[in-house]
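Here the structure comes first, spelled out in structure tokens, and everything after it is commentary.
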Amino acid sequence: MTLRPISLYDLEAHAQTALPSAVWDFIASGAQDELTLDRNRKAFDDIVLRPRFLVDVSERDLRTTVLGEEISFPVMLAPTGSQAQAHTDGEMAAVRAAGAAGTLMALSTPSNYALEKVAEAATGPLWFQLYHRGKDLTSMLVKRAEKAGYKAVAITVDTPLPGPKERDLRNRYRRPAGLELANFTGEAAGLGVEPGSAAAARWEMPESTPFLWEDIKWLRGETSMKIVIKGLITAEDAHMAAEHGVDGIVVSNHGARHMDSTLSSIEALAEMVEAVDGRAEIFLDSGIRRGSDVLKALALGARGVFIGRAISWGLAWNGEEGVRLALEILRVEFDRVLGYCGCTGVQDVHRGLVQLPK
Ligand SMILES: Cc1cc2nc3c(=O)[nH]c(=O)nc-3n(C[C@H](O)[C@H](O)[C@H](O)COP(=O)(O)O)c2cc1C
Numbered sequence: 642m643t644l645r646p647i648s649l650y651d652l653e654a655h656a657q658t659a660l661p662s663a664v665w666d667f668i669a670s671g672a673q674d675e676l677t678l679d680r681n682r683k684a685f686d687d688i689v690l691r692p693r694f695l696v697d698v699s700e701r702d703l704r705t706t707v708l709g710e711e712i713s714f715p716v717m718l719a720p721t722g723s724q725a726q727a728h729t730d731g732e733m734a735a736v737r738a739a740g741a742a743g744t745l746m747a748l749s750t751p752s753n754y755a756l757e758k759v760a761e762a763a764t765g766p767l768w769f770q771l772y773h774r775g776k777d778l779t780s781m782l783v784k785r786a787e788k789a790g791y792k793a794v795a796i797t798v799d800t801p802l803p804g805p806k807e808r809d810l811r812n813r814y815r816r817p818a819g820l821e822l823a824n825f826t827g828e829a830a831g832l833g834v835e836p837g838s839a840a841a842a843r844w845e846m847p848e849s850t851p852f853l854w855e856d857i858k859w860l861r862g863e864t865s866m867k868i869v870i871k872g873l874i875t876a877e878d879a880h881m882a883a884e885h886g887v888d889g890i891v892v893s894n895h896g897a898r899h900m901d902s903t904l905s906s907i908e909a910l911a912e913m914v915e916a917v918d919g920r921a922e923i924f925l926d927s928g929i930r931r932g933s934d935v936l937k938a939l940a941l942g943a944r945g946v947f948i949g950r951a952i953s954w955g956l957a958w959n960g961e962e963g964v965r966l967a968l969e970i971l972r973v974e975f976d977r978v979l980g981y982c983g984c985t986g987v988q989d990v991h992r993g994l995v996q997l998p999k
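Residue numbering for the sequence shown follows the working numbering, starting at 642 and increasing by one per position.
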């Protein structure tokens, strides 16, 4: 009998055995030599904690807010496409798990369940992650997302060109047959994009459709949802994003999936927080595996973090239950490390709790 996982690494190990190898590789792999993939972990491991004791931490409150929405603890579900590869319930399972855990889920544009259907099952806040494939498609998607109750649009900007991963090329990876990009087919038919239409086909072809700084103003005119930029990794771009009035920034290298040899997001975080200087909320993903990683990110200025691959590991374990388990593991770990650092809530977390490598 398989033992119940006690860490995200246990869930990962199980997923590797449970998923078809090409699907496993698609989820696990990083770009090229996977230097950044390794760095995403190593950089967290190299930061050490400076715990503080003789403080009454018998009661702890993990709640926080993201763009005005309360969540039960500062860990959220990142947008990862085609979640039905890991479990047939895909995004429906993930959104129910997020709701049960009292946290936020960001739904990916290439989801296997339509954004409206996911919203119906949501009991927590939702963001809609957007890949820009031209103004007509973006306009259609954000209007649908807003109508369905999504709180923010998170536009992913770190893939200006297609960047196939080498493991996927070797495996001749293709999305498994039968998994639709549901925002463009089925129930979405009649909402502006017909299955098989030129627009839907265009979305499937990730040719470069530039989204530029000046387009943020255009996007503001299309929606009253909050606007988040996902995928920045430098202080310069963080400053530009704040200048352009975005509400949030996700510091991310896309889980090292598209470009190799970049900084890890935890290394880039502090300088980006400084550049933004309170003008936007800052979140982080790429490499979160432990509750202590969450604390490290908060100590360096993030308001909350997202997990990506761990969603698929949870789904592969047992659908909704598995994603709930992944979130619960992180909650328990974060709660404990918070107490060990002398904090009774996220408001107590400060820069002095971490020591960066010399
Ligand atoms: C299988 C998979 C699919 C992903 N699909 C998307 C996507 O559709 N849109 C997006 O913005 N990011 C996507 N990402 C990136 C995640 O949102 C996130 O940035 C990354 O997974 C975080 O790193 P982690 O996996 O180490 O937690 C994907 C990641 C994975 C693993």
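All C-beta atoms in this analysis are idealised placements derived from N, C-alpha and C, irrespective of residue type, glycine included.
Keep in mind it's a predicted model, so treat the numbers as computed, not measured.
Let me check one thing: in DSSP terms, what residues is residue i bridge-paired to?
i           : result
residue 702 : 986
residue 717 : 947
residue 636 : As displayed, the chain neither begins before 642 nor continues past 999, which places residue 636 out of reach and without an answer.
residue 925 : 892, 946
residue 748 : 769
residue 673 : In the DSSP output, where bridge partners are listed per residue, residue 673 has none listed.
residue 726 : Looking at the DSSP assignment, residue 726 forms no beta bridge with any residue, so it has no partner.
residue 936 : According to DSSP, residue 936 bridges with nothing at all.
residue 995 : 690
residue 707 : 710
With burial defined as no fewer than 16 other Cβ atoms inside 10 Å of the residue's Cβ, what is the status of residue i: buried or exposed?
i           : result
residue 927 : buried
residue 642 : Model confidence at residue 642 stands at a pLDDT of 44, short of 50, so the residue's coordinates are unreliable and nothing is read from them.
residue 582 : No answer is possible for residue 582: the residues shown for the chain start at 642 and end at 999.
residue 805 : exposed
residue 851 : exposed
residue 712 : buried
residue 945 : buried
residue 709 : exposed
residue 697 : exposed
residue 867 : buried
residue 961 : buried
residue 726 : buried
residue 647 : exposed
Could you pull the start and end residues of the beta strand (DSSP E) that residue i belongs to?
i           : result
residue 710 : 710 to 712
residue 820 : Careful: residue 820 lies outside any beta strand (DSSP E) and carries neither H nor E.
residue 872 : 867 to 873
Could you tell me the boundaries of the alpha helix (DSSP H) in which residue i lies?
i           : result
residue 904 : Per DSSP, residue 904 belongs to no alpha helix (DSSP H) and is neither H nor E.
residue 857 : 856 to 863
residue 681 : 676 to 687
residue 737 : 731 to 742
residue 652 : 649 to 659
residue 760 : 756 to 762
residue 753 : Segment: none, residue 753 is in no alpha helix (DSSP H) and carries neither H nor E.
Length at least 3, wholly inside the segment 939 to 979: the beta strand (DSSP E) runs in chain order = 945 to 948
Just checking, does the segment 951 to 971 make contact with the segment 683 to 695 on the three C-beta pairs under 8 angstroms criterion?
-> no
Every unbroken alpha helix (DSSP H) inside the segment 765 to 802 [4 residues or more] | Taking only runs of at least 4 residues, the alpha helix (DSSP H) segments lying wholly in the segment 765 to 802 are 776 to 789.
Validate contact between the segment 855 to 869 and the segment 770 to 784 using beta carbons, cut 8 angstroms, 3 pairs = yes
Pairing CB atoms from the segment 643 to 657 with CB atoms from the segment 887 to 906, are three or more of them under 8 angstroms?
-> no
Does the segment 787 to 794 come within contact of the segment 805 to 824, defined as at least 3 CB pairs closer than 8 angstroms?
-> no
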